[in-house]
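Quick note: the sequence shown uses this note's numbering, first residue 109, plus one each step.
For each residue, glycine too, the CB sits at the ideal point set by N, CA and C.
Source: prediction; values computed, not measured.
Encoded as structure tokens, the structure appears first; notes follow it.
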Amino acid sequence: MAIEHAHSHRHPEESAAITLNHLVANLGVLYVKLHQYHWHVKGPHFFTLHAKFEELYNDTTGYFDSFAERLLQLGERPYSTLQEFNEHAFIKEEVYQQEIHADKMVEDLVNDYRAIRDYTVKGIELAGNEGDTVTEDMLIEYKNNLDFQLWNLQAYLGKDATEGE
């Protein structure tokens, strides 16, 4: 059964493939958001955050591509337009109209990464229940990466990795 464009992101628990496709949508939005922060960051931590945001969007690109290709391997159609990404993503971007403080950028990313991590856990469970060990392994590895990045971002803010959850 191919994933249809009309699936609502409110009911992604139907299969691991649908969950994976919603991750593709979220990573598409995250990729753009990370570029926005990379381009617009200012202040005393510019050099650190400018480089970190670039690292994060490059990292995101790899998962974005791998998840879309996994969907193709499963005979599904990954979301591939900005319209689909915005329609199916639960993380959101905002038009950059005024300066955003660097700490606010990092706090926003912590919230996005946590939401994506928690959603990834659902995908791991679904893939395991479906016996799709390849997708399950991909998502476990991705969750590990998200946990690592959350630790990094929280440390930048002077917080413990799980503080505020």
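Per the contact definition of three or more C-beta pairs closer than 8 Å, is the region 196 to 204 in contact with the region 133 to 144?
-> Contact between the region 133 to 144 and the region 196 to 204 is present: 3 or more CB-CB pairs across the two stretches fall below 8 Å.
Does DSSP put GLN262 in a helix, a strand or coil?
-> In this structure, GLN262 counts as helix in the three-state DSSP scheme.
Taking the alpha-carbon positions, what's the ILE248 to ALA235 distance?
-> Take the alpha-carbon of ILE248 and the one of ALA235: they are about 10 Å apart.
Span of the alpha helix (DSSP H) around ARG178 = Counted as a single uninterrupted DSSP element, the alpha helix (DSSP H) harbouring ARG178 occupies residues 154 to 181.
Among the residues of its own chain, which have a CB less than 7 Å from the CB of TYR165, if the five just before and after it don't count?
-> Counting only Cβ-Cβ distances below 7 Å, and skipping sequence neighbours, we find TYR139, LEU142, HIS143, HIS146.
Does DSSP put GLY272 in a helix, a strand or coil?
-> In the three-state reduction of the DSSP assignment, GLY272 falls in the coil class.
Beta-carbon separation of ALA124 and ASP240 under 8 Å?
-> A contact, by the Cβ cut-off of 8 Å.
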